[in-house]
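Trainee: All letters in the sequence shown, in the order written, are residues 2 to 896 by my numbering.
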Amino acid sequence: MLHLRFASVFSPIFAAVILVPLYLHAQQPTDNQPLPFMNTALPTDQRVADLIGRMTLEEKVSQMRDHAVAIPRLGVPKYDWWNEGLHGVAFSGYATNFPQVIGMAATWDTNLVHHMGDTISTEARAKYNQAMREDHHEMFFGLTFWAPNINIFRDPRWGRGQETYGEDPFLTARMGVAFVTGLQGDDPKYLKLISTPKHYAVHSGPEPSRHQFNVDVSPHDLEDTYLPAFRAAVTEGQAQSVMCAYNAIDGAPACANTMLLRDHLRDAWHFGGYVVSDCAAVADVNTGHHYATDMAHAAAAAVRTGTDLECGFGKGQAYPALVDAVHQNLITEAEIDTALRRLFTARFRLGMFDPPSSYAYGQIPRTENNSPAHRQLSLQAARESMVLLKNQDHTLPLKSGVGRIAVVGPTAELIQSLQGNYNGPPPSPSYPLNGIEKRFSSSKIFYAQGSSLAEGFAMPIEHTALHPASGSGNGLTGEYFKTKDLSGKPVLTRIDRNINFNWDKVIPIKGLQRDDYSVRWTGTFTPPAAGDYKLGVRVNYCYACENAEGFRLYLDGKVIVESDAKHTGERGAVIETSVHFSGVEPHTIRLEYLHGSGSAGIDLTWNPPAAALRDQAVDVAKQSDVVIAFAGLSPSLEGEEMPVKLEGFSGGDRTAINLPAVQEELLKALAATGKPLVVVLQNGSALAVNWAQQNANAILEAWYPGEEGGTAIAETLAGDNNPAGRLPVTFYSSLSQVPSFDDYSMKGRTYRYFADKPLYGFGFGLSYTDFAYGNLKFPTSEIKAGDPITVEADVKNTGTTAGDEVVELYLTQPKAFETPIRVLAGFTRVHLGPGQSTHVGLTLDPRSIAQVDAKGVRAILPGEYTVSVGGAQPGDATSIQTGKFTILGKAELAK
């Protein structure tokens, strides 16, 4: 017997951003007479000047928006500037999905990050080249990438911190430069892609107020913490673009901020590229910050300050008012031309007006996309990102021949917690459960979802509750039709273990097309216990575009949830209905998915009684020799400005940093069975897992590990991969240790200014082997300010297992104005076999040695410096070498 109560509950999934890709080569004007700007023998600046000189004011303004329209009379193709690639090409179909950026940072491997950047640019070029061959100009198939995100992850509550390289300016700068140079390539004439470091600057939440808030940042914190990574990306990485942020700094919106865009970016750092606004940030100059009286004044202020390109849509557009601004004498056409020169210089350097056969990047084939070599690199990155936080009594690696393994937890088989945000869908993701089943194939594997991610959050129905129409096995029978209304014969019939699909801009199976197809899943649903459930459907959300999705969910032959293209829920929200089950008998279930156009993908969800899932998990734990519990978060909970309102989560940010209560209750119940408990975390931000640290046998931090994450996790549990990742952020024990979220002062924040004891420190990570340090050396004990300093040391693997070691060098500086407790000033990752030694030399950058005073002036100060070299911060590692040197004199450094 079942009773239905309809409800519409929004359980958000990460909203993809979108907007526009491009065109590649300019077409000749209709009279077929070549114009000078098409002459590849001319210098780029002459070609650009010729093209701009032929445009009307209205045509010029039309090129200053992310969706730059075509100018047919000049043969200028349209171009969409918006593309994403933080950890893989996003929103343009199948692509290699690397670990989320916070996981990339946990590798502490700049060579690997550079390689990933280069691979991402190869796949982007492959997609772009193919799109141009097909005369295809869809969103996100361009060459101007809004990555990396090099904001400082100053507070664990920020939902977008997962997109960053962590809390440290030095680590962020090194990773950022590696990624920028990987994206942009090394050709002396042509850019492979354009990299756009973001969000410039002083930007890290809260998400709900980002369009209005102002930061009165001190000159010290600005120069000491918030700007160094941007400076490095521009001066060292030669990034050709920068994105200005939503927020205001010292009363001036970032996209109209003279201090940021002129004094620092153009004058001090000699930046010659273009600045693009975050989406609707120029409109915010008027509507959010009330800095300008109308859109014409907002647009004029942004362009005059140095924002060359606007991303905007709907009411969030300002640059269409630039024509009026010129007529009102708010800005001159010459200032418009300056922005146009920067924008078209970028397009020419990308080869968009040259034959693709004339340069190597124009010939990269589509077969490079998600190639076996690229997937192998993703696996390597996932392996290197693993951080071992606890390993009591050498619980890990698991002993060979373990007979029965319980795999439980809400992230063990969840695509979102593999992918992270700003991602492309991987074609064959390796879930943690899949990885364990494959690696431990001789063991008996038991699985239970165990809990939802958070109370009230809808999860994909676990495969054990679904059975195909044939009655055997798990999952549902899926029939795939090449029509959008389930008509005709299915192209393919198969068993789908889970209905948890991301098909954004992909063809799900051979024989379909990207648009206008349908799928029908049939079988039975068996509730694990009697009680009140919610069953529902969630489809992928398409940001700033039109989705054409419909679905119908049937239970026992009756429609219980349905939607059409006009009512798919807010930003990927689940639409669900309440159902009461009086027993555990199977019920027929059918889901019909009708895809027209836009972003594709669908989840069949449930929200069962917490006790029902927890009891299942305890049952499988009791049958096992060891329990592996997968816990953590999802980009559906933490991310960019989302309508999330659940306990511990609000608007994309977090209001609590502990593991959600429903998951902690699961861990406690599992531990009560007396079986060894290994906790694997998947998350994009620090979790205060205090109970697990006290009670679990081992804890492994896996982040959002990318498409090969399940394989890497299983290899690490088995000992095939010796974990060597290090935390790029401090894991605080509670929010009581952290200042207010909207306080941008660095006092009491991050390892540099946090004097209390954290749960796990920045730079922390364990290994399956041991390392020892010795023979610390400096060039001399007294060094003149500004002279180069190279610190040398020996590192030895004193254990019996081969492994990587991350050598971390910290400086304790003479006390001055707000001197950090210590600063990271060098690092390298090395591989050593058992008993093997190596000699490392780390050259200290003068900017790392220097300190920033109250006025924001950076200088190397005289006095005694303490150097600590080891596998973590002093106090967090068993083997640390320390030494001292003295700097004579003072050297002031450039801004």
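Note that the Cβ used here is the ideal one computed from N, Cα and C, for glycine as well. A quick note: this is a predicted structure, and the numbers were derived from the prediction, not measured.
#1: Does the distance from the C-beta atom of Arg-305 to that of Ile-332 stay below 8 Å?
#2: What separation, rounded to the nearest whole angstrom, lies between the Cα atoms of Gly-118 and Phe-526?
#3: Given that a residue counts as buried once 16 or more other Cβ atoms are within 10 Å of its Cβ, and exposed if not, what is Val-21?
#4: Tell me the start and end of each unbroken alpha helix (DSSP H) in the segment 408-467 that is at least 4 residues and wholly inside, in chain order.
#5: Quick one: Cα of Thr-867 to Cα of Pro-780, how far?
#6: Rounded to whole angstroms, what is the Cα-Cα separation between Ser-386 and Leu-43?
#7: Just mark Arg-750 as buried or exposed, buried being the case when its beta carbon has 16 or more other beta carbons within 10 Å.
#8: Can you tell me whether DSSP reads Arg-55 as helix, strand or coil?
#9: Of all the options Pro-189, Leu-194, Lys-190, which has the alpha carbon lying nearest to the alpha carbon of Tyr-180?
#10: Report all residues from its chain with a CB closer than 7 Å to the CB of Gln-393; omit the five preceding and five following residues, and keep chain order.
#11: Which whole runs of the beta strand (DSSP E) in the segment 166-246 are 3 residues long or more, in chain order?
#12: If you draw a straight line from the C-alpha of Gly-884 to the C-alpha of Leu-777, how long is it?
#13: For Phe-818, count neighbouring Cβ atoms within 10 angstroms of its own Cβ and tell me buried if that reaches 16, exposed if not.
#14: Is Phe-772 helix, strand or coil by DSSP?
#15: Only counting the same chain, and skipping five residues up and downstream in sequence, which positions put a Cβ closer than 7 Å to that of Arg-598?
#16: Comparing C-alpha positions only, which one of Asn-98, Ala-851, Ile-658, Gly-479 sits nearest to Gly-160?
#17: Helix or strand or just coil, what does DSSP make of Gln-393?
#18: Take Gln-213 and list the residues in its own chain whose beta-carbon comes closer than 7 Å to its own, dropping the five residues that flank it on each side.
#19: Who pairs with Arg-521 in a beta bridge, going by DSSP?
#20: Tell me the DSSP secondary structure of Ala-851 in three-state form.
#21: Determine the direct distance from the alpha carbon of Arg-158 to that of Asp-744, and round the result to whole angstroms.
#22: Taking the continuous alpha helix (DSSP H) assigned at Glu-336, which residues delimit it?
#23: Tell me the DSSP secondary structure of Glu-897 in three-state form.
#24: Report the CB separation of Gly-711 from Leu-634 in whole angstroms; it is logged as a contact under 8 Å.
#25: Do three or more CB pairs link the segment 621-638 to the segment 551-564 at distances below 8 Å?
#26: Below 8 Å on the Cβ atoms is my guess for Val-276 versus Thr-308; work out the distance and round it to an integer in Å.
#27: Helix, strand or coil: how does DSSP classify Phe-38 here?
#28: Could one say the Cβ of Pro-207 lies closer than 8 Å to chain D's Cβ atoms, at least one of them?
#29: If we ignore side chains and look at the alpha-carbon of each, how far apart do Gln-185 and Val-645 end up?
#30: According to DSSP, is Pro-321 helix, strand or coil?
#31: How big is the Cα-Cα spacing for Trp-147 and Gln-241?
#32: Cα separation between Thr-31 and Gly-94?
#33: Can you tell me whether Leu-592 is buried or exposed, with buried defined as 16 or more other CB within 10 angstroms of its CB?
#34: Would you mind working out which of Val-283, Thr-396, Tyr-191 sits nearest Asp-355, comparing C-alpha positions?
#35: Count the other CB atoms within 10 Å of the CB of Val-585; is the residue buried (16 or more) or exposed (fewer)?
#36: Thinking Ala-297 and Val-283 are a contact (beta carbons under 8 Å), I'd like their distance in whole angstroms, please.
Mentor: In short:
#1: Less than 8 Å separates the beta-carbon of Arg-305 from that of Ile-332.
#2: Note on geometry: alpha-carbon atoms of Gly-118 and Phe-526 lie some 44 Å from one another.
#3: Unreliable placement is indicated for Val-21, whose pLDDT of 32 sits below 50; the coordinate value is still reported in the next sentence. When all chains shown are included, Val-21 counts as buried.
#4: Correct list: 417-420, 433-440.
#5: Looking at the backbone, the Cα of Thr-867 and that of Pro-780 are separated by about 14 Å.
#6: Using only the alpha carbons, I get a separation of about 47 Å.
#7: The residue is buried, with at least 16 neighbouring Cβ atoms inside 10 Å.
#8: Arg-55 falls in the coil class under three-state DSSP.
#9: Inspection of the sequence shows that residue 180 is occupied by Phe rather than by Tyr. By alpha-carbon distance to Phe-180, the top candidate from Pro-189, Leu-194, Lys-190 is Leu-194.
#10: Cβ within range, chain order: Asn-698, Ala-699.
#11: Qualifying beta strand (DSSP E) stretches, in chain order: 242-245.
#12: C-alpha separation (whole angstroms): 7 Å.
#13: Phe-818 comes out exposed.
#14: If DSSP states are grouped into helix, strand and coil, Phe-772 belongs with the strands.
#15: Sequence inspection shows Ser at residue 598; the Arg mentioned does not correspond to that position. By the criterion of a C-beta distance shorter than 7 Å, Ser-598 is surrounded in its chain by Asp-516, Ala-549, once the five residues flanking it on both sides are discounted.
#16: Comparing Cα positions, the closest option is Ile-658.
#17: Here Gln-393 sits in helix by DSSP.
#18: A distance below 7 Å between beta-carbons, with the five flanking residues on each side excluded, links Gln-213 to the following residues of its chain, in chain order: Gly-289, His-290.
#19: In the DSSP output, where bridge partners are listed per residue, Arg-521 has Glu-480, Glu-593.
#20: Looking at Ala-851 - three-state DSSP - the assignment turns out to be coil, as it is neither helix nor strand.
#21: Asp-744 and Arg-158: Cα-Cα distance of roughly 12 Å.
#22: Where Glu-336 is concerned, the enclosing alpha helix (DSSP H) stretches over 334-350.
#23: A query on residue 897 cannot be resolved here, the shown segment of the chain reaching from 2 to 896 and no further.
#24: Incorrect: roughly 17 Å between the Cβ atoms, too far for contact.
#25: At 8 Å Cβ cutoff, the stretches do not touch.
#26: Contact flag correct, Cβ pair sits at about 5 Å.
#27: If DSSP states are grouped into helix, strand and coil, Phe-38 belongs with the helices.
#28: Considering every chain present, this structure includes no chain D. It has just one protein chain.
#29: Straight-line Cα distance between these residues: approximately 36 Å.
#30: Judged by DSSP in its simplified three-state form, Pro-321 adopts helix.
#31: Pairing Trp-147 with Gln-241, the inter-Cα distance amounts to about 11 Å.
#32: In this predicted model, Thr-31 has a pLDDT of only 49, less than 50, meaning its place in the structure is not dependable enough to derive any value.
#33: It is buried - the Cβ of Leu-592 has at least 16 other Cβ atoms within 10 Å.
#34: For the set Val-283, Thr-396, Tyr-191, the Cα lying nearest the Cα of Asp-355 is the one of Tyr-191.
#35: Val-585 is classed as exposed because its beta carbon has fewer than 16 other beta carbons within 10 Å across all chains shown.
#36: So it is not a contact: roughly 11 Å between Cβ atoms.
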